[in-house]
Amino acid sequence: MTTRDAETGVTPQAALVTPRTMGVIGLGHIDMVPGAAAHPATYAFPTIIRWLAPDLLEPALRADPQLYPIVLAQARELVTAGADMVMTTCGYFTPYQRDLTRDLRIPVLTSALTQLPSIQNLIGAGKVLIVAANATGVDSRCLTAAGAVDHDRIVVRGLENPGPFQEQVLAAGGLHDIPAIITQTVDLVRQAVTEDPDISAVCLECGDLTLTSEALREQIGLPTFDYVTAADWFYASTHSPR
Numbered sequence: 160m161t162t163r164d165a166e167t168g169v170t171p172q173a174a175l176v177t178p179r180t181m182g183v184i185g186l187g188h189i190d191m192v193p194g195a196a197a198h199p200a201t202y203a204f205p206t207i208i209r210w211l212a213p214d215l216l217e218p219a220l221r222a223d224p225q226l227y228p229i230v231l232a233q234a235r236e237l238v239t240a241g242a243d244m245v246m247t248t249c250g251y252f253t254p255y256q257r258d259l260t261r262d263l264r265i266p267v268l269t270s271a272l273t274q275l276p277s278i279q280n281l282i283g284a285g286k287v288l289i290v291a292a293n294a295t296g297v298d299s300r301c302l303t304a305a306g307a308v309d310h311d312r313i314v315v316r317g318l319e320n321p322g323p324f325q326e327q328v329l330a331a332g333g334l335h336d337i338p339a340i341i342t343q344t345v346d347l348v349r350q351a352v353t354e355d356p357d358i359s360a361v362c363l364e365c366g367d368l369t370l371t372s373e374a375l376r377e378q379i380g381l382p383t384f385d386y387v388t389a390a391d392w393f394y395a396s397t398h399s400p401r
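Under my numbering, the final residue of the sequence shown carries the number 401; numbering is consecutive throughout.
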């Protein structure tokens, strides 16, 4: 320890520990609430949030390649604003993972689906249930970009049909009845597990579905992964309070 360190009471190790900031890109089609992936109160660390324009929801749901420059521009704006890492909150942005890491040259997490390789390793021969905003969007391109190694061990169920999630999220009505979305999601997962008992874990594709994670863990009893589990792991890898 130097004389200055002794005077200030700061050890060299402590001096190296500086708070990192995560930049988060959300879809701006509805107002976010705490607990959703694009709300700063959801996280226990500093964040900067930016939202895409509301009219970009439809191309986002199919990871339209023409949307990539817009996502990249938002990510660069976050970096300029002080973000040390960037996370997007739409699972259909998973195909952008490699390009974003190349173009930003900082750590990037595009999707909760990037947890799939670890989840598959954790559950052995079991299957992973992906709960998606729209099941058709979780295609082989998306799964491959996420690093999933055995697509036969993945089951996808979507919430695109008429119901609380479609009305409040996909139709941009606003999150005005979260308990209804929770009930719908729990019922969907329970039915999927009944139909396929090999399902051993759940991964939530949509950033708004983090609002259902606690209920799924309590009522279904399976390991449930979402943007919060991904973000906590991501942030911890770059910052330690010790």
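Yeah, the Cβ is synthetic: ideal placement off N, Cα and C, and Gly gets one too.
Here residue 210 is bridged, per DSSP, to 185. The C-beta of residue 188 has 16 or more other C-beta atoms within 10 Å across all chains shown, which makes the residue buried. Per DSSP, residue 328 lies in no beta strand (DSSP E) and is assigned neither H nor E.
One alpha carbon belongs to residue 210, the other to residue 234, and they sit about 10 Å apart.
As the crow flies, the alpha-carbon of residue 281 is around 11 Å from that of residue 274. Collapsing the DSSP output to three states places residue 360 in a strand.
DSSP places residue 192 outside any alpha helix (DSSP H), giving it a letter other than H or E.
Straight through space, the alpha carbons of residue 271 and residue 392 are spaced by roughly 11 Å.
Ranked by Cα distance from residue 340, the first of 318, 374, 350, 323 is 323.
Under the three-state reduction of DSSP, residue 316 is assigned to strand. In this structure, the CA atom of residue 226 is about 27 Å from the CA atom of residue 313. In the structure shown, the three-state DSSP call for residue 341 is helix. Leaving aside the five residues that flank residue 358 on each side, the residues in its chain whose CB is nearer than 8 Å to its CB run, in chain order, 285, 286, 287, 288, 314, 351, 352, 381. In the three-state DSSP reduction, residue 369 falls in the helix class (H, G or I). The secondary-structure analysis by DSSP pairs residue 291 across a beta bridge with 317. The beta carbon of residue 344 sits closer than 6 Å to the beta carbons of 371 from its chain, once the five residues preceding and following it are set aside; these are given in chain order. Under the Cβ criterion (8 Å, minimum of three pairs), the region 291-304 does not count as touching the region 383-391. Straight-line measurement puts the Cα of residue 262 at about 10 Å from the Cα of residue 232.
Around the C-beta of residue 254, 16 or more other C-beta atoms lie within 10 Å, and the residue is accordingly described as buried.
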